[in-house]
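Residue numbers (this note's numbering): 6 to 96.
Where a beta carbon is used, it is the ideal one built from N, C-alpha and C, also for glycine.
Model, not experiment: these values are computed from the prediction.
Here the structure comes first, spelled out in structure tokens, and everything after it is commentary.
Structure (structure tokens):
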């Protein structure tokens, strides 16, 4: 019986650790994607100076894409925080 409990705890710790690593990688990926979207936004502002009509059409789509990535990163950060709390980490 004790062996089953220790195996269950070991599996939980392993899965929690893998989950945290996955979430940390996801946050890094999304942060890089946000930086790329910001670069594209700056380039888009320059482009918009010369193509104002097209900019009015495409600007809302770019904003939606940016905020979707920001929201996704916030969700991943929140999940990582909860995983750390479950693991008993203070940081």
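Check	Outcome
Contact the segment 24-35 vs the segment 60-72: 3+ CB pairs below 8 Å	no
Classification of residue 88 by the beta-carbon crowding that lies within 10 angstroms, buried from 16 upward	buried
Length of the line joining the Cα atoms of residue 86 and residue 47	32 Å
Buried or exposed (CB count within 10 angstroms, at least 16 for buried), residue 114	Residue 114 lies beyond the stretch modelled for the chain, which goes from 6 to 96, so this question has no answer here.
7 Å Cβ cutoff met for residue 74 and residue 38	yes
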